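For the sequence shown, the numbering used here gives the first residue as 349, with consecutive numbering after it. Structure first, then comments.
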Amino acid sequence: QQELKMKEYQMAAKRLDNALLVLRRFIKVDNELRSPVTKDEIVEEVARQLCINIHPDNLHLPSPLTSLGEYEVPLRLPKDIPRPEGRLQWTLNIKIRRK
């Protein structure tokens, strides 16, 4: 039972790590987002786009994302999930585009 759950976690972590989450936002004149992208919005989009449920605590995002572009957001996953080969941590790639 426990081993099966770990395999599921590992598969979900790999999907998150390989995915590109695309968010479309309205912008102000200076290419800043009208409203910053928060952890909660990212969690909702992960569930919607990737069908994976994560908790806001799983994202290391000290402050909301405020401009267009690509971001690599580190993931905080349980320590018993082995890290990706040759890397220090799992990450979620996010691209914010103009709406």
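All C-beta atoms in this analysis are idealised placements derived from N, C-alpha and C, irrespective of residue type, glycine included. Only a predicted model underlies this, so the values are computations on that prediction, with no experimental measurement involved.
How far does the beta strand (DSSP E) with Arg372 in it reach, from first residue to last? 368–373
Please classify Ala395 as buried or exposed, where buried requires at least 16 other C-beta atoms within 10 Å of its C-beta. exposed
Find out if the Cβ-Cβ distance for the pair Leu371, Val385 is shorter than 8 Å. yes
Given a cut-off of 8 Å, decide if Leu416 and Leu440 are closer than it, judged by their beta-carbon atoms. no
Taking 7 Å as the limit between beta carbons, can you name the residues of its chain near Asn401, skipping five residues before and five after? Ala395
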